[in-house]
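Enquirer:
In the numbering used here, the protein residues as written are 105 to 261.
1. Does the segment 231 to 245 come close enough to the segment 147 to 166 to have 3 or more Cβ pairs within less than 8 Å?
2. On a Cα-Cα basis, can you pick out the residue from 231, 197, 126 and 151 that is closest to residue 179?
3. Can you have a look at residue 123 and say buried or exposed, based on whether 16 or more other CB atoms are within 10 angstroms of its CB?
4. Out of 260, 186, 128 and 136, which one is the CA nearest neighbour of residue 222?
5. Which ranges does the alpha helix (DSSP H) cover as unbroken runs of at least 4 residues, wholly within the segment 158 to 201, from first to last along the chain?
6. To which residues of the same chain is residue 252 closer than 6 Å at the C-beta, ignoring the five residues directly before and after it?
7. Express the C-alpha separation of residue 145 and residue 169 in angstroms, rounding to a whole number.
8. How would you write the range of the alpha helix (DSSP H) that residue 112 sits in, first residue to last?
9. To the nearest angstrom, report how far apart residue 240 and residue 201 are at their CA atoms.
10. Distance, Cα to Cα, residue 167 vs residue 175?
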């Protein structure tokens, strides 16, 4: 499988993608815990069916020391006992933010309150930005049919 477009071979697309990914680097520099970032990125990518992002965030999380048990259970986090309450709140917000079109009214207040119990305003903004960023990245990758499996941790650092 190969991508529909080589965005780095198209000057205007390459410039756009590089600017877009600079936003992602800002989230990495935020005070949001690294484990939370990877779990949220993975869950969002699972929901959106973005294989290249599932590949990337699974490998990045593993390289950062995340356990295979937790990574395997992200898709079923509600029934899993391996996530902290803060991580569960972040995963719930990620799901609601990703499935925003499925529910009238957007993210329910109760979901927001649970996240706000665990994250300060700066972290919440980073979390919301990460969720929006991942949804955009997932859509770009799925539409362009970016192939998965060859990602190496730190490849885009």
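The beta carbon of each residue, even a glycine, is placed where N, CA and C say it ideally should be.
Expert: For this structure:
1. yes
2. Working through the chain shown from its first residue, we reach residue 179 at position 75. When each option's Cα is compared against that of residue 179, the closest is 151.
3. Looking up residue 123 in the chain shown gives position 19. Classification for residue 123: exposed.
4. As a first step, residue 222 is located in the chain shown; it is residue number 118 there, counting from the start. Cα-wise, what sits closest to residue 222 is 136.
5. 172 to 177
6. In the chain shown, counting from the first residue as 1, residue 252 sits at position 148. 155, 156 and 159.
7. Residue numbering aside, residue 169 sits at position 65 when the chain shown is read from its first letter. Residue numbering aside, residue 145 sits at position 41 when the chain shown is read from its first letter. Going from the Cα of residue 169 to the Cα of residue 145 covers about 16 Å.
8. The residue labelled residue 112 in the question sits at position 8 within the chain shown. No alpha helix (DSSP H) holds residue 112; DSSP gives it neither H nor E.
9. Mapped onto the chain shown, residue 240 falls at position 136. Mapped onto the chain shown, residue 201 falls at position 97. Looking at the two C-alpha atoms, the distance is approximately 12 Å.
10. Position 63 of the chain shown holds residue 167. Position 71 of the chain shown holds residue 175. Roughly 12 Å separates the two Cα atoms.
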